[in-house]
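Q:
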Amino acid sequence: MMKNDSLSRRSFLFRGAAAVGAAAAWPAIVPSTVFGAAAPSNRITLGMIGMGLQMGGHFQGMLNRKDVQILAVCDVDKRKRESAKSQAERAYAGQTDSGTYKGCDAYLEYEEVCARPDIDAVMIVTPDHWHAMCSLAAIKAGKDVFCQKPMTLTIR
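Numbers 7 to 162, taken from this note's numbering, label the letters of the sequence shown in order.
#1: Measure the alpha-carbon distance for Ala99 versus Ala23 and round it to whole angstroms.
#2: Who pairs with Gly56 in a beta bridge, going by DSSP?
#3: Please specify which runs of the beta strand (DSSP E), each continuous and at least 3 residues long, are wholly inside the segment 99-139, giving them in chain order.
#4: When DSSP builds the beta bridges, which residues end up paired with Ala78?
#5: Looking only at its chain, what residues have a beta carbon closer than 7 Å to the beta carbon of Ile50, apart from the 5 residues adjacent to it on each side?
#6: Are the Cβ atoms of Leu114 and Leu77 separated by less than 8 Å?
#7: Please report how far the alpha carbon of Lys155 lies from the alpha carbon of Gln93, in whole angstroms.
#8: Within 10 angstroms of the Cβ of His132, are there 16 or more other Cβ atoms? Answer buried if so, exposed if not.
#9: Quick check on this structure: which residue in Phe152, Cys120 and Asp134 has the alpha carbon closest to the alpha carbon of Cys80?
#10: Rounded to whole angstroms, how far is the Cβ of Glu95 from the Cβ of Lys108, which I believe are closer than 8 Å?
#11: Using the C-alpha atoms, what's the distance from Ser47 back to Ile55?
#12: Is the beta carbon of Cys140 closer than 8 Å to that of Tyr116?
#13: Between Leu69 and Ala97, which are expected to be in contact by the criterion C-beta below 8 Å, what is the C-beta distance as a whole number of angstroms?
#14: Among Thr158, Ala147, Asp124 and Asp111, which residue has its Cα nearest to the Cα of Ala138?
#15: Which residues mark the beginning and the end of the beta strand (DSSP E) in which Asp150 is found?
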């Protein structure tokens, strides 16, 4: 007996609706990295406090991550903070169509970095006796904190 493979109107509409539904759901199923850069909602915005030698490797590592964007650098030494700002802006400029980027700010005071509502997390690589104060300011501001050890030298 021969099977009837003709396409009915009902079957056509059902298959068409299924195809439209699958196409609409596709971006939710496929990871955003398939389409290119990380979506802004998937990117961690970062402030970096303490731009000395210990921060160097962390800084370069964060610049190379597609899911992290450095928005602020902070150091008491003006040369270090301005150098870090320039490096970040050069690195991010290479990722733009215009070839320019001016979205990294340099700060003298760590409290200013912590106060920015657009920063999700801070990385603290300062001399040991500053770790606790910087970390507490960031935590009170609702930031996630990466801090080098020791967190503090005394507990009271």
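Glycine included, C-beta positions come from ideal geometry on N, C-alpha and C.
A: Quick look at the numbers:
#1: 44 Å
#2: Beta-bridge pairing links Gly56 to no other residue.
#3: 111-113 and 127-130
#4: Gly53 and Asp111
#5: Asp73, Val74, Asp126 and Ala127
#6: no
#7: 26 Å
#8: Per the sequence shown, the amino acid found at residue 132 is Thr instead of His. With 16 or more other Cβ atoms within 10 Å, it is buried.
#9: Cys120
#10: 6 Å
#11: 23 Å
#12: yes
#13: 5 Å
#14: Thr158
#15: Asp150 to Cys153
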